[in-house]
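As numbered in the UniProt record's numbering, residues 1 to 142 make up the sequence shown, in order. Glycine included, each C-beta is placed from N, C-alpha and C at the ideal position. As the structure is a computational prediction, the values presented were derived from the model and not from experiment.
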Amino acid sequence: MAAEVEKYATFVEETLRPQLTSALEQRDRLEADIVEYDNLLETLQGKAAADAQNKAWKLQSDLGKQCYIKVKVAAHAKVVVHVGLQVYVEMNVDEVPEFVAKRKQFLTLKHDRHQAKAREIAAHIQQVLDAVEALAKLQKES
């Protein structure tokens, strides 16, 4: 009976927990992407305000590794948007909100699927742990 308990405990640690960790990491990455799209919309609202006044838009741009430079963007300039799979598309500012809404809807659906998968895996872990506990009680009683 101890071998059965060990077998279930190993299954939880080597199979179910890594699956749970993977599902949660994917969910968290999707949440980060959704937040980035929200930040893009906020940034573009600031650009729209500058464009309305026909003024250059001033901001700081991240070159990577938290290294920033000051940038002036001409009024009515196009923006480059990451559309996924390391593909970037140049768009007019007025096209971006529609794209972001569709992209956020898609990412939210994926997020919800990963969340449901994580809940399912967590429930499986709980079931296996309950079974291990029941086996352990039976072993003590025998």
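(request) Counting only the same chain and skipping the five closest in sequence on each side, list residues whose C-beta sits under 8 Å from that of residue 20. (result) Translated into positions along the sequence shown, residue 20 becomes position 20. Exclusion of the five residues before and after residue 20 leaves 118, 121, 122, 125 as the residues of its chain whose Cβ lies within less than 8 Å of its Cβ.
(request) Taking the CB atoms as reference points, tell me whether residue 100 and residue 41 lie closer together than 8 Å. (result) As a working note, residue 100 is residue 100 in the sequence shown. As a working note, residue 41 is residue 41 in the sequence shown. A contact, by the Cβ cut-off of 8 Å.
(request) Report yes if the CB atom of residue 58 is closer than 8 Å to the CB atom of residue 72, and no otherwise. (result) For this step, residue 58 is matched to residue 58 along the sequence shown. For this step, residue 72 is matched to residue 72 along the sequence shown. Yes, the pair counts as a contact, with Cβ atoms nearer than the cut-off.
(request) Reducing DSSP to helix, strand and coil, say where residue 72 ends up. (result) On the sequence shown, position 72 is the one that residue 72 refers to. In the structure shown, residue 72 sits in a strand (DSSP, three-state: E or B).
(request) Leaving out five residues on either side along the sequence, give the residues of the same chain with a beta carbon under 8 Å from the beta carbon of residue 218. (result) This structure leaves residue 218 out entirely; the chain is present only between 1 and 142.
(message) Within a Cβ cutoff of 8 Å, which residues of the same chain sit near residue 51, ignoring the five residues on either side of it in sequence?
(response) The count along the sequence shown starts at 1 and reaches residue 51 at position 51. Excluding the 5 residues flanking it on each side, residue 51 has same chain C-beta neighbours closer than 8 Å at 57, 75, 76, 93, in chain order.
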